[in-house]
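If you're matching positions, the sequence shown starts at 16 in this note's numbering and goes up one per residue.
All C-beta atoms, glycine included, are put in the ideal place defined by N, C-alpha and C.
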Amino acid sequence: MKRIRFSAAYPERLRHPLHRSIVGESPIARAELLMWSPTADATTLLWFDGDRDATTAAVEALDSLVARSLVRGAGGTYAFLRQDDYEFPAALLDTVAASRVIFLPPVVFREDGDVRFEAAGAAEALSAFHDDLADLADLTIERVREFERRRTPSRLTDRQRAALEAAVSAGYYEVPRGGTVADVAAALDCATSTAGELLRKAEAAVVERAVEPE
């Protein structure tokens with residue numbers, strides 16, 4: 016199983032109305048579709064990087080809107096929406112419906128017109144989906160990785176995790192530092208050079224995951 020992060024630039028005619036509302040002069044630069052219902056009565060949870068007034072203006076672009084509830088949070092505004100239609104173009108919905116992949120939240124709508132999302136599935140199914148969607152959008156593959164049932168803060172081996180745990184217990188990451196690499200080595204019953212290498216690789220994995228683009 017693979018998971019792929021795509022970036023898609025749709026032509027104006029295929030952009031979702033909500034996305035069209037934040038491209039250009041809107042104070043909203045980013046909207047994230049966090050959850051959606053698998054029903055015709057579209058119930059969604061979104062997050063916008065703007066205040067209540069800006070979010071209200073964005074969601075009012077939806078002709079299908081039946082009800083909304085806005086809640087301030089996470090540096091922006093959450094929007095619970097109920098619509099009688101998703102308002103995605105039929106060509107796009109048909110492509111999604113025919114695919115043999117699953118879509119992972121969030122779907123990110125950006126002010127530059129791009130949509131960023133992740134899909135997971137068998138390699139051949141993802142390849143077929145890519146080819147079909149590429150007929151509708153300027154499509155870029157940003158990242159490919161193995162699908163993991165549980166998402167962890169970083170891809171650490173058991174030994175690297177043990178080294179970090181030993182370092183924390185020894186006070187190695189305290190300010191001022193209260194432990195040494197030798198303390199980690201003693202806890203792991205290994206050479207100091209081995210402990211140092213384990214820490215460096217573990218730290219690199221944690222930092223890399225922390226600064227991955229959203």
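Check: Bridge partners of Ala-217, per DSSP?; Outcome: None; Ala-217 has no bridge partner.
Check: Quick check on the DSSP output: the beta strand (DSSP E) that includes Leu-85 runs from which residue to which?; Outcome: 80–88
Check: Should the stretch 130–145 be called in touch with the stretch 187–196, which here means at least 3 C-beta pairs below 8 Å?; Outcome: no
Check: Could you check if Gly-193 is buried or exposed, using at least 16 other CB atoms within 10 Å of its CB as the buried criterion?; Outcome: exposed
Check: I believe Thr-233 touches Phe-21 by the beta-carbon criterion, under 8 Å. Please report the beta-carbon distance rounded to the nearest angstrom.; Outcome: This structure does not reach residue 233, given that the chain is present from 16 up to 229, and the question cannot be answered.
Check: Run through the stretch 117–200 for me and flag every whole beta strand (DSSP E) of 3 or more residues, listed as ranges in chain order.; Outcome: 117–125, 129–136 and 153–161
Check: Under the assumption that Lys-17 contacts Ala-138 (Cβ atoms under 8 Å), give the Cβ distance between them as a whole number of angstroms.; Outcome: 5 Å
Check: Would the stretch 56–66 and the stretch 77–95 be scored as touching if the rule is three or more Cβ pairs under 8 Å?; Outcome: yes
Check: Between the stretch 67–87 and the stretch 111–126, can you find at least three pairs of beta-carbon atoms closer than 8 Å?; Outcome: no
Check: Please classify Glu-47 as buried or exposed, where buried requires at least 16 other C-beta atoms within 10 Å of its C-beta.; Outcome: buried
Check: Which partner residues does Ala-94 have in the DSSP bridge list?; Outcome: Leu-61 and Leu-85
Check: Alpha carbon to alpha carbon, what distance is there between Pro-26 and Gly-39?; Outcome: 15 Å
Check: Measuring CB to CB, does Ala-217 end up less than 8 Å from Leu-203?; Outcome: no
Check: For the candidate residues Glu-133, Arg-176, Leu-148 and Gln-175, whose alpha-carbon lies nearest to that of Glu-161?; Outcome: Glu-133
Check: For the beta strand (DSSP E) that Ile-19 lies in, which residues bound it at each end?; Outcome: 17–24
Check: Can you tell which of Arg-125, Gly-128 and Arg-170 has the C-alpha that lies nearest to the C-alpha of Val-221?; Outcome: Arg-170
Check: Which value, in whole angstroms, describes the spacing of the CA atoms of Thr-150 and Thr-71?; Outcome: The sequence shown places Asp at residue 150, rather than the Thr named in the question. Using only the alpha carbons, I get a separation of about 33 Å.
Check: Nearest to Trp-51 by CA position, among Leu-77, Leu-61 and Ala-197, is which residue?; Outcome: Leu-61
Check: When you compare only the Cα positions, how much space is there between Glu-212 and Val-130?; Outcome: 39 Å
Check: Please return the same chain residues whose Cβ sits closer than 7 Å to the Cβ of Phe-103, not counting the five positions on each side in sequence.; Outcome: His-31
Check: Taking all protein chains shown into account, decide if Ile-43 is buried (16 or more other Cβ within 10 angstroms of its Cβ) or exposed.; Outcome: buried
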